[in-house]
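What follows is a single structure, written as structure tokens, with notes after it.
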Amino acid sequence: MSIAVRSHRTQKRTAHLVRIWAGVIVCLLFLFPVLWMVMTSFKLPKDIFTVPPTIFFTPTIETYTSYLQYADVPQRMLNTVIVAFGASIVSIVAGAMAGYALARIRIRGAATLGVLILASRGVPPIALAVPMFLVARNLGLADTHIVLILAYCSFLIPYVMWLLRGFFVALPKELEEAAQLDGCSRMGAFFRIIVPISLPGIVSALIFSVILAWEELLFALVLTNNFATTIPVAVAGIAGDTVNGANWGALAAVGTLTVIPVVIFALLVQKWLIRGMAEGATKG
Amino acid sequence: MARLSSQTTTHPSRRRTHTIDLFSRWSFLTPATVILVAVLAYPIIYTIVISFSELSLATFSPTSWVGLDHYIDALTNRNFLNSILVTGVYLLFALPIQMLLGFGTAFLMNAEWKGRGVVRALFLIPMVVAPVVAGGIWRQLLDPLWGAVNWFIGLFGAPALDWLGDPTLAMITIVLIDTWRWTPFVALIAAAAMLSLPSDVFEAARIDGANWWQTLTKVTIPLLTPIIAATFVVRWLGAVKMFDIVLASTKGGPGQATNVVNLYIYEEAFRGLHFAEASAMSVVVLVITMVLTAVFLRMSNKLEEKF
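Line order of the protein sequences matches chains F and Z. Going by the working numbering, the letters in the first sequence line up with residues 1210 to 1493, in that order. Going by the working numbering, the letters in the second sequence line up with residues 296 to 602, in that order.
See the structure below:
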């Protein structure tokens, strides 16, 4: 009897250990491509094009130094920062107010509006790209930061509204009632009471918006060509460069530069990020 | 008379407070509405207008009305229809695989030990790799000559595979890259959802002598159904926009084998300068996407009510 219990217990412990190690291995498998890219970015071509792949090599920053000047990467990085934060801030302000209206204020047609906004998250960007390109061209706005910021609002605002609406619905009603008794206007109550309390939700919406805008490629390809071009366009350019042959080192270096800021950002705010994802999925 | 005058004095002021109230309600919606009309509603309407017109490449504006011509062209264009089919195949494989792997990974991630937080944080990394970069990394890893993957499978005696050059393998590759990029996203949502499941139900199942299979099918999956449905909808909304990964890895090739519809329309419009035809195609895609999104939303809501 006691032997049976003990063997059952060891069986359970083994299962637990297997589960832990399987998780670690899966995690490493998922990380491997990123690690490989970072390694490649510090290699010379003679270490990149080898069979078997070189694992031990003398790291060099040659690819970075040579490619950074040539491809004007710093300017594109700056453009990406401007556009990602510009679009995110506009979208958070507009989206949070609208999300609050949908969650808390009785407006005729608000339910229909909510469904429309959710549905608009399914609009393929390609359906917007052609007219945006034509209008931007005719207005002389092509290749500017502002046109890209506005274009990104087309998917960020619905996203923010949808995410924050769920957040606002869950807040206790007494908050605004108390604020309004104290003589606050509706808008005043929103900015003085609701926004500070909902800061975790707003921060996670902001993080997601910045990441989504940071990675966006289609609008950036269509609406910019030089001055306001973002870093994903540079990556696509290197990846698609068939004239100079496969420049793996450059792709790895610019790829690493694209990914590192977002990874650091994501790890710093991981709690909010994970919470935002969970909230986003449940409170549709 | 007195009654009448009192009515005329109170009425406008009440109307004014009503107007102010209405104004204060709508002021919350104004910024979002104005921007979305400009960058979402107007472009969609303009796309529809262009799709029925001839577009002058001199002025970049629509000129004459041509009715359904572009739609007939689009729906008889074999490459366009093929690109819809390619997108369908990609969605049909990628979404279920990502959901299964995501929930499976979440189960492994939730094992209780001191490294759990680190593992969860590391899973965030693939999720924030820009899709275009993901396509680029994987193209290097899967290169038939110099790629690490072919070298690795060669250790086990497998022949070198032309991951990006063979039509079937190229589609598998696209699904693979997309799955690598998105499984962590599903897994992190699933892990949070699984942790919030009520533990007493599992306790009850254990006391009743349920084995792990019964617990999984009779307790865990029904409890998780709403979150599975919601995650599926979120993934669907992202996956229909598939563009970057294909552009950076296969460019739609070989031939048309991985030319997803967004890439095909993009090339038609901005390489071929067939803006009007491309607009008709994007209206077709818009309609298909909207119908399917509505179906999935309805199904997801039904499932949420049922469980």
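Ideal Cβ positions, reconstructed from N, Cα and C, are used throughout, including at glycine.
Got a sec: is the Cβ-Cβ distance from residue i to anything in chain Z below 9 Å?
i	result
isoleucine 1406 of chain F	no
asparagine 1288 of chain F	no
isoleucine 1402 of chain F	no
leucine 1482 of chain F	yes
phenylalanine 1266 of chain F	no
isoleucine 1314 of chain F	yes
valine 1292 of chain F	no
serine 1501 of chain F	There is simply no residue 1501 of chain F to check, as chain F begins at 1210 and stops at 1493 in what is shown.
glycine 1493 of chain F	Summary for glycine 1493 of chain F: the model assigns pLDDT 42, below 50, so the residue's position carries little reliability; its value from the coordinates is reported in the next sentence. Cβ-Cβ to chain Z under 9 Å: yes for glycine 1493 of chain F.
phenylalanine 1251 of chain F	no
asparagine 1435 of chain F	no
alanine 1388 of chain F	no
isoleucine 1366 of chain F	yes
lysine 1221 of chain F	no
Run through DSSP, which three-state label would residue i get?
i	result
proline 1470 of chain F	helix
serine 1297 of chain F	helix
threonine 463 of chain Z	helix
histidine 365 of chain Z	helix
glutamate 599 of chain Z	helix
tryptophan 531 of chain Z	helix
lysine 1252 of chain F	coil
asparagine 377 of chain Z	helix
isoleucine 340 of chain Z	helix
tryptophan 507 of chain Z	helix
When you compare the CB of residue i with every CB in chain F, is at least one pair closer than 9 Å?
i	result
lysine 513 of chain Z	no
isoleucine 379 of chain Z	no
aspartate 539 of chain Z	yes
glycine 397 of chain Z	no
asparagine 374 of chain Z	no
methionine 394 of chain Z	no
leucine 464 of chain Z	no
alanine 369 of chain Z	no
lysine 536 of chain Z	yes
leucine 419 of chain Z	yes
tyrosine 366 of chain Z	no
Rounded to a whole number of angstroms, what is the C-alpha to C-alpha distance between residue i and residue j?
i	j	result
phenylalanine 1377 of chain F	lysine 601 of chain Z	25 Å
tyrosine 341 of chain Z	alanine 453 of chain Z	53 Å
leucine 1359 of chain F	glycine 1295 of chain F	9 Å
serine 1416 of chain F	glycine 504 of chain Z	It is worth fixing the name first, because residue 1416 of chain F is isoleucine in this sequence and not serine. Cα to Cα, isoleucine 1416 of chain F sits roughly 45 Å from glycine 504 of chain Z.
tyrosine 366 of chain Z	leucine 1337 of chain F	18 Å
glycine 1304 of chain F	threonine 588 of chain Z	22 Å
phenylalanine 1400 of chain F	leucine 1408 of chain F	11 Å
aspartate 1352 of chain F	isoleucine 583 of chain Z	31 Å
lysine 409 of chain Z	isoleucine 1229 of chain F	10 Å
serine 1363 of chain F	alanine 525 of chain Z	22 Å
serine 494 of chain Z	arginine 1222 of chain F	20 Å
phenylalanine 355 of chain Z	leucine 370 of chain Z	24 Å
histidine 1225 of chain F	lysine 1252 of chain F	40 Å
May I ask you to list the residues that DSSP assigns as paired with residue i?
i	result
proline 357 of chain Z	Z:Leu350
To which residues of the same chain is residue i closer than 7 Å at the C-beta, ignoring the five residues directly before and after it?
i	result
serine 1297 of chain F	Leu1365, Leu1415, Ser1418, Val1419 and Ala1422
valine 578 of chain Z	Thr342, Ile343 and Ser346
threonine 553 of chain Z	Val381, Ala465, Met466, Ile469, Val541, Thr545 and Gly547
threonine 478 of chain Z	Gln393, Leu396, Gly397 and Thr400
threonine 1289 of chain F	Trp1423, Thr1439 and Ile1440
alanine 488 of chain Z	Leu519 and Ile522
Distance cutoff 9 Å, beta carbons only. Does residue i sit that close to anything in chain A?
i	result
alanine 499 of chain Z	You won't find chain A in this structure, because its protein chains are F and Z.
Counting only the same chain and skipping the five closest in sequence on each side, list residues whose C-beta sits under 6 Å from that of residue i.
i	result
isoleucine 1326 of chain F	Pro1367 and Met1370
valine 427 of chain Z	Asp539 and Ala543
Keeping to the same chain, check which residues put their C-beta closer than 8 Å to that of residue i; ignore five residues upstream and five downstream.
i	result
leucine 531 of chain Z	It should be noted that the sequence gives tryptophan, not leucine, for residue 531 of chain Z. Correct list, in chain order: Leu386, Leu390, Leu587, Thr588 and Phe591.
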